[in-house]
Amino acid sequence: MTDTGSVKTALRSSARSARRGMDDDERRAASDAAVGRLLGLPELRRAGTVLLYAPLREEADPATGALPLLRQRRIRTLFPRVRGGDLELVACDDLTSLTPGYRGIREPVGGPTIDPEVVDVAIVPGVAFDVLGGRLGQGGGHYDRLLQFLPDDCVRIGFCFSCQVVPFVPCEPHDEPVDIVVTQRATYRTRAREPLADA
Numbered sequence: 103m104t105d106t107g108s109v110k111t112a113l114r115s116s117a118r119s120a121r122r123g124m125d126d127d128e129r130r131a132a133s134d135a136a137v138g139r140l141l142g143l144p145e146l147r148r149a150g151t152v153l154l155y156a157p158l159r160e161e162a163d164p165a166t167g168a169l170p171l172l173r174q175r176r177i178r179t180l181f182p183r184v185r186g187g188d189l190e191l192v193a194c195d196d197l198t199s200l201t202p203g204y205r206g207i208r209e210p211v212g213g214p215t216i217d218p219e220v221v222d223v224a225i226v227p228g229v230a231f232d233v234l235g236g237r238l239g240q241g242g243g244h245y246d247r248l249l250q251f252l253p254d255d256c257v258r259i260g261f262c263f264s265c266q267v268v269p270f271v272p273c274e275p276h277d278e279p280v281d282i283v284v285t286q287r288a289t290y291r292t293r294a295r296e297p298l299a300d301a
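Heads up, the sequence shown is in my numbering, so the first residue is 103 and it goes up one at a time.
The following block contains the structure:
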């Protein structure tokens, strides 16, 4: 394992441990508070199509709180499902229609796949994030590959608990950053993908 790989492994372990330290009530309250911040973002108010995710048990949950309000705003919502080593996107506005799939993650069963090019805002999970936009996933690379196919002007939002924001996430060439990180306590605009100013 490379030095970067070792650091990532240790970081995943510590971030997961911090997340496990929250009880179910704390997770629900923190998710609700983070959703409040999320829905207040101008990027979300302007969006026509938003990618959400159904959380694993210990992950921050954007879908339960955001989905009904996005539906009221007539914003189309997509959810990922795993096919092979990749994620494909399916329109869904009803969490009860999702069923456990890859690693028990709830995902759409039927429905046509949607071109990633239509996504205006992508809300993505992670094990850890930093305020510079670095994202550490589960290690399978599913979201890194998906993010490469989203349009350049799609706003990428990392959604997590504040205990998952770390000083620095080591990144490799295949690691895709996020533009905004939202937690229950803060919103960080990372400027990770903004072009560097001329010297």
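Ideal Cβ positions, reconstructed from N, Cα and C, are used throughout, including at glycine.
Inset, instruction - Confirm, please, whether the CB-CB distance from Gly-235 to Pro-279 is below 9 Å. - result: Taking the sequence shown and counting its residues from 1, the one referred to as residue 279 is at position 177. Taking the sequence shown and counting its residues from 1, the one referred to as residue 235 is at position 133. Contact: yes.
Inset, instruction - Could you please give the first and the last residue of the uninterrupted alpha helix (DSSP H) stretch that includes Phe-251? - result: Position 149 of the sequence shown holds residue 251. First-last of the alpha helix (DSSP H) with Phe-251: 244-251.
Inset, instruction - Assign Ala-294 to one of three DSSP states: helix, strand, or coil. - result: By one-based count along the sequence shown, residue 294 stands at place 192. Looking at Ala-294 - three-state DSSP - the assignment turns out to be coil, as it is neither helix nor strand.
Inset, instruction - Please go through the stretch 119-195 and give each complete beta strand (DSSP E) segment of 3 or more residues, from N-terminal end onward. - result: 151-153, 178-185 and 188-193
Inset, instruction - Answer yes or no: do Arg-237 and Val-226 have a C-beta to C-beta separation smaller than 9 Å? - result: Indexing the sequence shown from 1 puts residue 237 at position 135. Indexing the sequence shown from 1 puts residue 226 at position 124. It is a contact, given that the beta carbons lie within the stated cut-off.
Legend entry - Presumed contact (8 Å Cβ cut-off) between Phe-181 and Leu-154, rounded CB distance: What you label residue 181 is simply residue 79 of the sequence shown in a count that begins at 1. What you label residue 154 is simply residue 52 of the sequence shown in a count that begins at 1. At roughly 6 Å, the Cβ-Cβ gap stays under 8 Å, so Phe-181 and Leu-154 are in contact.
Inset, instruction - Go ahead and label Leu-171 buried or exposed: buried means 16 or more other beta carbons lie within 10 angstroms of its beta carbon, across all protein chains shown. - result: The sequence position of residue 171 within the sequence shown is 69, counting from 1. Exposed is the call here.
Legend entry - Option nearest Thr-292 by Cα separation, candidates Ala-131, Arg-258 and Gly-186: One-based indexing of the sequence shown puts residue 292 at position 190. Comparing Cα-Cα distances from Thr-292 to each of Ala-131, Arg-258 and Gly-186, the minimum goes to Arg-258.
Legend entry - Per-residue DSSP class, three states only, for Thr-198: Within the sequence shown, residue 198 is the residue found at index 96, counting from 1. Here Thr-198 sits in helix by DSSP.
Inset, instruction - Quickly, what does DSSP pair Gly-260 with across the bridge? List them, please. - result: The count along the sequence shown starts at 1 and reaches residue 260 at position 158. DSSP, once it has assigned bridges, lists Val-226 and Val-283 as partnering Gly-260.
Legend entry - For Val-211, the three-state DSSP class (helix, strand or coil): As a first step, residue 211 is located in the sequence shown; it is residue number 109 there, counting from the start. Coil.
Inset, instruction - Name, in chain order, the residues that DSSP records as bridge partners for Arg-237. - result: Here residue 237 refers to the residue found at position 135 when the sequence shown is read from its first residue. Phe-231.
Legend entry - For Val-267, the three-state DSSP class (helix, strand or coil): Reading the sequence shown from its first residue, position 165 is the one you call residue 267. It is a strand residue.
Legend entry - Rounded separation between Ala-299 and Val-211 - CA only: Position 197 of the sequence shown, counted from the first residue, corresponds to residue 299. Position 109 of the sequence shown, counted from the first residue, corresponds to residue 211. A caution first: Ala-299 carries a pLDDT of 48, below 50, which makes its placement in the model too unreliable to give a value.
Legend entry - Whether Val-221 touches Val-152 by CB criterion (9 Å): Position 119 of the sequence shown, counting from 1, holds the residue named residue 221. Position 50 of the sequence shown, counting from 1, holds the residue named residue 152. Yes. Within cutoff.
Inset, instruction - Out of Asp-246, Thr-166 and Arg-130, state which residue places its alpha-carbon closest to the alpha-carbon of Gly-228. - result: Within the sequence shown, residue 228 is the residue found at index 126, counting from 1. Among Asp-246, Thr-166 and Arg-130, the Cα nearest to that of Gly-228 is on Asp-246.
Inset, instruction - For Ser-309, count neighbouring Cβ atoms within 10 angstroms of its own Cβ and tell me buried if that reaches 16, exposed if not. - result: Since the first residue of the chain shown is 103 and the last is 301, residue 309 is not available in this structure.
Legend entry - Reference Val-283, options Leu-191, Gln-174 and Ala-162, closest by Cα: Looking up residue 283 in the sequence shown gives position 181. For the residues Leu-191, Gln-174 and Ala-162, the minimum Cα distance to Val-283 belongs to Ala-162.
Legend entry - C-alpha distance - Leu-197 paired with Leu-113, whole-angstrom precision: In the sequence shown, the residue the question calls residue 197 occupies position 95. In the sequence shown, the residue the question calls residue 113 occupies position 11. Going by the C-alpha atoms only, they are around 31 Å apart.
Inset, instruction - Report yes if the CB atom of Pro-218 is closer than 9 Å to the CB atom of Leu-169, and no otherwise. - result: In the sequence shown, the residue the question calls residue 218 occupies position 116. In the sequence shown, the residue the question calls residue 169 occupies position 67. Not a contact, by the Cβ cut-off of 9 Å.
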